[in-house]
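Presented below is the structure to which this report refers.
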Amino acid sequence: MVEAVRAHASQAGTETLVTLNVNDRSYTLRLDSRVTLLDALRDHLGLTGTKKGCDQGACGACTVHINGKRVLSCLTLAAQAESLEVTTIEGIHDVDGQRHPLQSAFMEHDGLQCGFCTPGQIMSALALIEEGRATSDDQIREFMSGNLCRCGAYPNMVAAIREVAQAVHDDENL
Ligand code: FES
Ligand code: FES
Numbered sequence: 002m003v004e005a006v007r008a009h010a011s012q013a014g015t016e017t018l019v020t021l022n023v024n025d026r027s028y029t030l031r032l033d034s035r036v037t038l039l040d041a042l043r044d045h046l047g048l049t050g051t052k053k054g055c056d057q058g059a060c061g062a063c064t065v066h067i068n069g070k071r072v073l074s075c076l077t078l079a080a081q082a083e084s085l086e087v088t089t090i091e092g093i094h095d096v097d098g099q100r101h102p103l104q105s106a107f108m109e110h111d112g113l114q115c116g117f118c119t120p121g122q123i124m125s126a127l128a129l130i131e132e133g134r135a136t137s138d139d140q141i142r143e144f145m146s147g148n149l150c151r152c153g154a155y156p157n158m159v160a161a162i163r164e165v166a167q168a169v170h171d172d173e174n175l
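Reminder that position 94 of the sequence shown reads as 95 in my numbering, one-by-one numbering, no gaps.
Given below as structure tokens:
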């Protein structure tokens, strides 16, 4: 479904039409060419699950997927995502609206406290598992190192990711 959404344009920037495919829906936005994907998602599409932490590529809170690969949406222009498949935390539930197993695992393992970093952590972890890079705690820690958590919930997050990665691995070997 295509939705035409009129966005506020900056008076100083050049306006451009951008088509974003987000969570299996298509949106056409008129945006200042300098608008980041993060701001387009949050401010123009109302998808506020993706968080703005540092806004300069240092914390991972803004992690989303483009064509299945994790990217920092604060360092990505909306125009760079033109016609690509963007997935945010709002798009990972199943068709019945049930939580993704990784979301359930984070809850069961207390992998969050304030929850601000959690959407970015989960989007990174999902990509990690799909890339086959979650085969040990050390590997999980290394490949999750771009996602910071001020609450320090790291050990519980590793436990949650390990559990889901193991389940995926077991399923693949059935
Ligand atoms: Fe993008 Fe911190 S908000 S890396
Ligand atoms: Fe609070 Fe990670 S749970 S910043």
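Cβ atoms here follow ideal geometry from the backbone N, Cα and C, with glycine treated the same way.
query: Span of the beta strand (DSSP E) around N22; result: E16 to V23
query: Other residues of its chain near S74: CB distance less than 8 Å, five sequence neighbours each side excluded; result: T37, L38, L39, L42, T51, C63, T64 and V65
query: Contact test: C115 Cβ vs ligand 2 heavy atom, cutoff 7 Å; result: yes
query: At least three beta-carbon pairs within less than 8 Å, the region 81–98 to the region 166–173; result: no
query: Given 8 Å, three or more beta-carbon pairs between the region 133–143 and the region 94–108; result: no
query: Inter-residue spacing [alpha-carbon to alpha-carbon] between L18 and K70; result: 24 Å
query: Cβ pair count under 8 Å reaching 3, the region 112–128 against the region 75–85; result: no
query: Enclosing alpha helix (DSSP H) for T119 [first to last residue]; result: T119 to E131
query: Pick from G47, Q122, Q57 and L30 that is closest to C152, judged by C-alpha positions; result: Q122
query: beta-carbon K53 near ligand 1 non-hydrogen atom, thresh 7 Å; result: yes
query: D172, enclosing alpha helix (DSSP H) - first and last residue; result: Y155 to E173
query: Unbroken stretches of the alpha helix (DSSP H), 4 residues or longer, contained in the region 60–124; result: 102–109
query: Minimum C-alpha distance to M158 - residue among G58, L76, R31 and A106; result: A106
query: Under 8 Å between C-beta atoms of I23 and L46; result: First, the residue type needs correcting, since residue 23 is Val and not Ile in the sequence shown. It is a contact, given that the beta carbons lie within the stated cut-off.
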